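Beneath this line is the structure, given in structure tokens, with notes to follow.
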Amino acid sequence: MFGYSEHMDDRPTLPPHEAIRAARRAAGLSLRELARRIEVSPATLSAVENGRTGLSVARLARLAEALGVSPARLLGGPPAVAPGRPAPAEHGAWREFGPLDADPVLTAAIASFVDIGYHGTTVRALADRAGTSVPGLYHRYRDKQDLLVRILDLTMGELHWRVRAARAEGRDAVERVRLIVEALALFHSHRRELGFIGASEMRSLLPADRARIARSRTELQHLLDEEIEAGRAAGLITTPHPKAAGRAIATMCTGIAQWFRERGPATPEQIAAQYGEFALDLLGARPH
């Protein structure tokens, strides 16, 4: 869901065609989908990624915009960080939530999809809400479906790096489960609108994007399941039903987006700590 953080580091640089391919894969986009977004044929994009054709300034700019990176990154900056990997950041940054990085049209779409749903939202109403014209909206986004895809890509991209960054801090399987659950709970309260759309509008996606985003969600579930199984192998988790417990824990976390309100009795941090304990209780985690 917004793909990956664009932090510079000391890793070797890539030739432009390889940097483009790496950025596309990190964003979770197929070659065909990226070609569609920049309005070229898949064959043309394949030639670009394999260094068989030149790269104009205009095409470089369109690629950078579609991939959510700077043009400099595609000209040989360090490889992109995939949504399935933690973003290089200070220790604990996965707990921090700043303003959502979304333009006025995307912000308007998020608010409208939460308020009245994808199918209840018209392009004209979105343009009015964003303070732009209908042609101005179409200049940036192909259609309403494109907006929904961008929102869900943003959601999954941020979820992946936060969950993986949280997991990386754990010293054993039980602590990693707790941290994964805290990351999920924090996201679904701090980013309630994104979580709400992710739960309610998957059915509104066209089949190819629905399948792609469903795979991304399954990868997150597998991260949690792997730690539960590791805990069982180490004798730290005792539930006889690890798969069912893992699904229940994930559903418990995603459900926060349905009821959380900023003015409610508990903060996101308090909820995250509680849900971490709930998860360990459900798993029969042994004190250690």
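Take 1 as the starting number for the sequence shown in UniProt numbering and just add one per residue.
Glycine included, every Cβ here is placed at the ideal spot set by N, Cα and C.
Bear in mind that the values here come from a model prediction, so they are computed numbers and not experimental data.
Contacting residues, own chain, Cβ-Cβ under 7 Å from residue i (five flanking each side not counted)
{"i": "residue 318", "result": "One cannot answer for residue 318 here, as it falls past the ends of the chain, which runs 1 to 288."}
{"i": "W61", "result": "Sequence check: residue 61 is Ala here, not Trp. Only P71 meet the Cβ criterion."}
{"i": "R32", "result": "P42"}
{"i": "Y141", "result": "V105 and L147"}
Residue i vs residue j beta-carbon contact at 8 Å
{"i": "V105", "j": "L137", "result": "yes"}
{"i": "V174", "j": "A285", "result": "yes"}
{"i": "F187", "j": "E158", "result": "yes"}
{"i": "R167", "j": "L223", "result": "yes"}
{"i": "A248", "j": "E182", "result": "no"}
{"i": "A127", "j": "V134", "result": "yes"}
{"i": "A279", "j": "V114", "result": "no"}
{"i": "I110", "j": "L74", "result": "no"}
{"i": "I151", "j": "I197", "result": "yes"}
{"i": "M156", "j": "S216", "result": "yes"}
{"i": "M202", "j": "R210", "result": "yes"}
Residue i in three-state terms, based on DSSP
{"i": "A285", "result": "strand"}
{"i": "A279", "result": "helix"}
{"i": "D10", "result": "Since pLDDT at D10 reaches only 37, below the 50 mark, its modelled position is unreliable, and the value read off the structure follows with that caveat. The answer is coil: DSSP assigns D10 none of H, G, I, E or B."}
Neighbourhood of residue i by C-beta distance below 8 Å, restricted to the same chain and skipping five residues each side
{"i": "I38", "result": "L45, R59, R62, L63 and A66"}
{"i": "L179", "result": "A166, R167, E169, G170 and G276"}
Residues near residue i by beta carbon distance below 6 Å, same chain, minus five either side
{"i": "P221", "result": "Here the sequence assigns Gln to residue 221, which means Pro is not the residue at that position. Taken in chain order, the residues that qualify are A250."}
{"i": "residue 296", "result": "There is simply no residue 296 to check, as the chain begins at 1 and stops at 288 in what is shown."}
{"i": "R24", "result": "L34"}
{"i": "A47", "result": "T53"}
{"i": "M1", "result": "Only weak support is given to the placement of M1: the predicted model assigns it a pLDDT of 34, under 50, and the question is left unresolved by the model."}
Nearest-angstrom Cβ-Cβ length linking residue i and residue j, presumed shorter than 8 Å
{"i": "A257", "j": "G195", "result": "3 Å"}
{"i": "G68", "j": "H17", "result": "In fact, because the Cβ distance is near 19 Å, the residues do not count as touching under 8 Å."}
{"i": "S204", "j": "H139", "result": "With 8 Å as the limit, S204 and H139 do not qualify as a contact, their Cβ atoms being about 23 Å apart."}
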